Structure formats: C-alpha cells, structure tokens
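Working notes, beginning with the structure itself.
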C-alpha cells in the first residue's frame, strides 16, 4: 500500500483561526468570537465560521486559550455511573443548560469508588476547568480530596449525593420526604410489615430516605424492625441476593420500599420465582421513576425526583458562582420537591 505524503501533511498541518479568516475574508477576531458563540456576531456568520472550521479540520487549543483568557469555558462533571437513569437525565439537563451559557462539559465516571473519584478531581483540576459539578460516590465520607478546588476558590457544586461534612453549595431532592411518601403510601394501602432496600448508609441520600421510612412508621404507630432493612449497593445482583433472603423468611413482608427502581424491579422479578403475587401479597414502591418502571409488569409505583431539572439548577448555580455576580442571590442548599407516582405494583 502506497502512502500519499501530501495527504498526510494536509491532515497533520495545524489549521488556525487566521486560515479560517482568510478563507472567509473575515478578521481573526470575528472568527474567534464566532467560534466562542459570542452573540455580538450574527447567527449566520457564526454558523458559517463553525461549518468552515469543521470542513478545514480546525481543532481549538483549549489549554492555550484558557491560559490567555484565564477561563476555559469548560465545566467538569463527576458522576458515579452514566448508565444510571437518574444521572443520565441529570446529565442531559446539565449539557443543555451549560450550552446555553456557552460552556462545554467534560464527564468522568467514578464507578462509585472513592479512589477513582479522587483521581478525577485531580484530573479536572489539572485541566483548569472553570468549575466542578460532582455527585459523590456511595462510599465517600469526606470531601477533603476536593480541596484543590475549595482552597483555590474554584466553584464547586454537589448535586444529588453530597458528602456529609460538606458545607458548600448543594442541589438535592427532598429525600426524607420521598422516603416518607413511599412508606406512607404502602401503609395507606394496608401494609403493616414493610421491608426497605437501602443504599450504603455513609451516603446522605440513603440516610434521608431511611429516615423518612422510619418517620412514616412512627407516625402511623408501626414498629421499626431492623431485620426488614437490607443495605446493599443497589445493583441488580445485590438486589437479587437481598430479595432471595427476604422472600425466604417464614414471615413475609406485605410491602417493600426500595430506595431505587433497579432494586425494586429485581425484587418484583425475583418474587415470580417464589410464586408470590405483586401487589396482592407484597406491594412495592421504588425511587427515581426510571423508564423501566413504566414497562415492568406490574408497572412500578415510584418517587419522581426531577433529574433533568436538578441538572439544570446545578449548572445555573455553578455559572453564577463562576461569574461572581453580586446582584444575584444564590441559594446555598437548594432542595427539589419529590412526587409519588402511583402505579400497579402497590395498588390492588
């Protein structure tokens, strides 16, 4: 196979904004502003510049640009797993809102491990991102590894999962209320022995949802039975193991509140193997309103927690902190309301 050196040279040569400017008969400053989506440049010109840049193979040097401007227009985002339904909807809200403000997003997955989370914090700090959005891992107990951002006054906002000792800007759902609503609904459907699938209790979400579960039991005069609380990492495999243990007991629960939909769905599927009818024998409520909760049979009652809106709010807060606009009052701890979605899994 012969190698065309002319084509190799063309592909590897660095196209600059001056090349684009010459092609379009524009000034370099106009091209630069257009590539930054600056509204001072009309929409038609911006689109023409972007298309020409793409056609010519232009690749912006973000690092050099950030050093000149002392701003990268990039936001870092750390999530446990992008495959989680709640996180995927939040990421969609983050992406759309960031674009509206002229920011790009770089995403890192911690895989729900503290070690990877620490590595990502250092990576994003090295990349000189303008701010960081983070969802802590299920096992994160301190925020000390986020100190490079805190000590250097680089805006940091946690959403959804927050380290218990973090005293900064947070965007969360009303998880206590969610746990209460789910448990109260089961009680009102006649359940008196309600089991609970919880995430690891080092995490704020699962502490709050367990607290809501306990509060509802107390409100309606039902005893709290620790043997009915199964703590695991909320994966399908962990939920199947917990379900088998729960369904093998001599005295079965008549209700289950699961702190995520994945575990609730695994329980419903496992109950079939034990010839247990849902909801006739055991009523089930999950959490997150995953798409799968609508198509499982029976359809899953669940708690809606507004992932898309939470993502938007997280970006809005972070951008306000970056811009340091003293005329804007920023809520330090913003809490989204939650809503019970009643479906067939909890109603006869």
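Numbering (this note's numbering), first residue to last: 16 to 363.
Even for Gly, the Cβ is constructed at its ideal location relative to N, Cα and C.
Just so it is clear, the structure is predicted and the values come from calculations on it, not from any experiment.
Problem set entry | Proximal residues to residue 195 (C-beta, below 7 Å), its chain only, five neighbours per side dropped | The sequence position of residue 195 within the chain shown is 180, counting from 1. Excluding sequence neighbours, residue 195 sits near 227, 230, 231.
Exercise. What residues are listed by DSSP as bridge partners for residue 247?
Worked result: Position 232 of the chain shown, counted from the start, is the residue given in the question as residue 247. In the DSSP output, where bridge partners are listed per residue, residue 247 has none listed.
For this session: Give a yes or no on whether the C-beta atoms belonging to residue 189 and residue 224 are separated by under 8 Å.
Result: Translated into the one-based positions of the chain shown, residue 189 becomes position 174. Translated into the one-based positions of the chain shown, residue 224 becomes position 209. Contact flag unset, no.
For this session: Return helix, strand or coil for residue 235, following the three-state DSSP convention.
Result: In the chain shown, the residue the question calls residue 235 occupies position 220. Residue 235 falls in the coil class under three-state DSSP.
Exercise. Do you know whose CA, among 99, 213, 280, 215, lies nearest residue 312's CA?
Worked result: Taking the first residue of the chain shown as 1, we reach residue 312 at position 297. Taking only the C-alpha atoms, the option nearest residue 312 is 280.
For this session: Between the Cα of residue 295 and those of 361, 317, 345, spot the shortest distance and give me the residue it belongs to.
Result: In the chain shown, residue 295 corresponds to position 280, counting from 1. Among 361, 317, 345, the Cα nearest to that of residue 295 is on 361.
Exercise. Does the Cβ of residue 182 have 16 or more other Cβ atoms within 10 Å, making it buried, or fewer, making it exposed?
Worked result: Mapped onto the chain shown, residue 182 falls at position 167. Per the 10 Å Cβ criterion, exposed.
Exercise. For residue 152 versus residue 125, is the C-beta spacing smaller than 8 Å?
Worked result: Here residue 152 is taken as the residue at index 137 of the chain shown, counted from 1. Here residue 125 is taken as the residue at index 110 of the chain shown, counted from 1. Yes, the Cβ-Cβ distance between residue 152 and residue 125 is below 8 Å.
Problem set entry | Cβ-based burial, residue 14 [other Cβ within 10 Å; buried from 16] | Nothing about residue 14 can be reported from this structure: the residues present for the chain run from 16 to 363 only.
Problem set entry | Selection from 353, 358, 357, 363 that minimises the alpha carbon distance to residue 175 | Counting from one through the chain shown, the residue named residue 175 turns up at place 160. Closest option to residue 175, Cα to Cα, is 353.
Exercise. So is residue 353 in contact with chain D if we call contact Cβ pairs under 8 Å?
Worked result: The chain labelled as chain D is not found in the depicted structure, where only one protein chain is given.
Problem set entry | C-alpha distance - residue 127 paired with residue 59, whole-angstrom precision | Position 112 of the chain shown holds residue 127. Position 44 of the chain shown holds residue 59. Going by the C-alpha atoms only, they are around 44 Å apart.
Exercise. Which stretch, first to last residue, makes up the beta strand (DSSP E) that contains residue 64?
Worked result: As a first step, residue 64 is located in the chain shown; it is residue number 49 there, counting from the start. It is not in any beta strand (DSSP E) - residue 64 instead sits in the alpha helix (DSSP H) that spans 58-71.
Exercise. In chain order, which beta strand (DSSP E) runs of at least 3 residues are fully inside the segment 299-354?
Worked result: 317-319, 348-351
Exercise. Which residue or residues does DSSP assign as beta-bridge partners of residue 174?
Worked result: Locating residue 174 in the chain shown gives position 159, counting from the first residue. Partner(s): 186.
Exercise. In three-state terms, what does DSSP make of residue 51?
Worked result: In the chain shown, residue 51 corresponds to position 36, counting from 1. Note: residue 51 maps to coil in three-state DSSP.
Problem set entry | Strand pairing of residue 422, partner residues [DSSP] | Residue 422 lies beyond the range of the chain shown here (16 to 363); nothing can be said about it.
Exercise. For residue 274 versus residue 349, is the C-beta distance shorter than 8 Å?
Worked result: Position 259 of the chain shown, counted from the start, is the residue given in the question as residue 274. Position 334 of the chain shown, counted from the start, is the residue given in the question as residue 349. Not in contact: residue 274 and residue 349 (Cβ atoms no closer than 8 Å).
Exercise. In this structure, does DSSP put residue 271 in helix, strand or coil?
Worked result: Position 256 of the chain shown, counted from the first residue, corresponds to residue 271. Taken through DSSP and simplified to helix, strand or coil, residue 271 comes out as strand.
Problem set entry | Residue environment, residue 346, which counts as buried when at least 16 other CB atoms sit within 10 Å | As a first step, residue 346 is located in the chain shown; it is residue number 331 there, counting from the start. With fewer than 16 Cβ atoms within 10 Å of its Cβ, residue 346 is classed as exposed.
Exercise. So who's on the other strand from residue 210, going by DSSP bridges?
Worked result: For the purposes of this step, residue 210 is taken as the residue at position 195 of the chain shown. Paired residues: 271.
Problem set entry | the segment 195-205 contacting the segment 133-143, beta-carbon criterion three pairs below 8 Å | Judged by pairs of C-beta atoms under 8 Å, the segment 195-205 does not touch the segment 133-143, as fewer than three such pairs exist.
Problem set entry | Straight-line Cα distance separating residue 300 from residue 237 | The sequence position of residue 237 within the chain shown is 222, counting from 1. The sequence position of residue 300 within the chain shown is 285, counting from 1. Looking at the two C-alpha atoms, the distance is approximately 18 Å.
Exercise. Got a sec? Which residues, its chain only, sit under 6 Å from residue 132 by beta carbon, not counting five neighbours each side?
Worked result: For the purposes of this step, residue 132 is taken as residue 117 along the chain shown, with counting starting at 1. Once the five neighbours on either side are set aside, the close Cβ partners of residue 132 are 125, 152.
For this session: In the DSSP assignment, find the alpha helix (DSSP H) that holds residue 281 and state where it starts and stops.
Result: Taking the first residue of the chain shown as 1, we reach residue 281 at position 266. Residue 281 -> alpha helix (DSSP H) spans 276-288.
Problem set entry | Short Cβ contact (8 Å threshold) for residue 220 with residue 246 | As a position in the chain shown, residue 220 is number 205, starting the count at 1. As a position in the chain shown, residue 246 is number 231, starting the count at 1. Taking 8 Å as the Cβ cut-off, residue 220 and residue 246 do not qualify as a contacting pair.
Exercise. Candidates 276, 268, 36, 49: which alpha carbon is nearest residue 248's?
Worked result: Translated into positions along the chain shown, residue 248 becomes position 233. Looking at the Cα atoms, 276 is the closest of the given residues.
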